[in-house]
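The structure appears below as C-alpha cells.
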Ligand code: SER
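Numbering (the working numbering), first residue to last: 5 to 319.
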C-alpha cells in the first residue's frame, strides 16, 4: 500500500529537513507539507503543500478527507523560550494541536502518528546525569509541562484506542538549513553563524551549562527509523529518551577554534533561558531506544562542528 504522509509544521527547523528526506524515500507526491505559513520556494515546488492550522478543526477535516493520510507527523509547536513569553498560547497549541491530530487520526484510520517530545519533560528533581527513561519528572516550563502531558495522551491513545503513536524526546537539535524556533538550546546554532560572520559570539547560557545535543542528520534518521520499526519492537508509547552528545559552550568554542583559531566567546548575563537550562538534564540514557530499534548516533562534537562550518560556508 502506498503511504500518504502529512507533515504538519513543515516549515520549521525539523520539518524543513524531514520533508526532504521523506520525499526521497516515499516519493514527492506522497508527502504533503502543511504549515500555517507560506513555505520557501523549494518545499512548495518539490511536492504538495497545504495551509494548515492545527487548531482549526474544519481545516483539519478537509485535509484528512482530501489526503486520507496513512502517516501523520505533528511538528507544530511553541518551544521552551517562546512558550514562556506566551504560556497560554503554548499550552493551547501544543496540547489541543496534539489532541486534534490524535482524534482525526483515529477517525480517518491513520496507521501511524509521530509527535516529538523533548528533554524539557525533565525538571529540577530529575537526575541530571544519564537521566533514565523513567524517573521523577517535574518540568517547570509551560513547554515541558505540555510535552509531559502530551506524552501521557500519546500512551493513552495507544492503550485505549490502539492508535500507533510514536515519539522521541529530542535533545537540542543543531542544524544549518533552517533557523531554530525559539528554544533554550539555540545558542549552539547561533554560535556557528556568528563565528563565521563576526569571529565572536555572546552566549546567553553560561560557560558550564552542559546540555544534551544532536546533529539534525542523526535526529532525522532516528525519527524515520523509529517510524519504520515494526510495532512489536516499540515498548515505549509515551516517548523515547534519545541521545547524541553533551557539551557546554566552552567545549563547543574549543572545537570551533580548531577551525577558526581566533574565535572569541563571551557571555551575556541574566538571560531567562539560563534558568530553563538549569532545570534540564546534562546527559541522557537512551538505552531503551538502542535496544528496541537499534538507535545509534553517528555525530559527535567533532563531526558536528565540521559539518556545521562546512555547510554554512557553502550556503
Ligand atoms: N531545543 C528545544 C528547546 O530548547 C528542546 O526541546 O526548547
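Here a beta-carbon is modelled for each residue, glycine too, at the ideal position from N, C-alpha and C.
Return the first residue and the last residue of the beta strand (DSSP E) that residue i is part of.
i: residue 55; result: 53 to 55
i: residue 216; result: 215 to 219
i: residue 176; result: 176 to 178
i: residue 240; result: That residue, residue 240, is in no beta strand (DSSP E); it is neither H nor E in DSSP.
i: residue 268; result: 268 to 271
i: residue 10; result: 9 to 12
i: residue 78; result: 75 to 78
Cα separation between residue i and residue j?
i: residue 303; j: residue 178; result: 11 Å
i: residue 227; j: residue 293; result: 11 Å
i: residue 183; j: residue 164; result: 38 Å
i: residue 118; j: residue 266; result: 43 Å
i: residue 242; j: residue 120; result: 10 Å
i: residue 57; j: residue 36; result: 14 Å
i: residue 318; j: residue 199; result: 15 Å
i: residue 158; j: residue 268; result: 44 Å
i: residue 59; j: residue 106; result: 12 Å
i: residue 126; j: residue 285; result: 7 Å
i: residue 25; j: residue 253; result: 30 Å
Taking its Cβ as the centre, do 16 or more other Cβ atoms sit within 10 Å of residue i, making it buried, or is it exposed?
i: residue 5; result: exposed
i: residue 93; result: exposed
i: residue 298; result: exposed
i: residue 44; result: exposed
i: residue 245; result: buried
i: residue 75; result: buried
i: residue 239; result: exposed
i: residue 128; result: exposed
i: residue 124; result: buried
i: residue 272; result: exposed
Counting along the chain, where does the alpha helix (DSSP H) carrying residue i start and finish?
i: residue 277; result: 276 to 282
i: residue 89; result: 84 to 89
i: residue 163; result: 146 to 165
i: residue 110; result: 101 to 111
i: residue 255; result: 253 to 261
**Item:** Touching by the beta-carbon criterion (3+ pairs, under 8 Å), the segment 66 to 82 and the segment 259 to 266
**Value:** no
**Request:** Decide yes or no for the touch test of the segment 94 to 111 against the segment 203 to 220: beta carbon pairs closer than 8 Å, at least 3 of them.
**Result:** no
**Inter-stretch contact at 8 Å, needing at least 3 Cβ pairs: the segment 10 to 25 / the segment 73 to 83** = yes
**Three CB pairs or more closer than 8 Å across the segment 197 to 206 and the segment 129 to 141** = no
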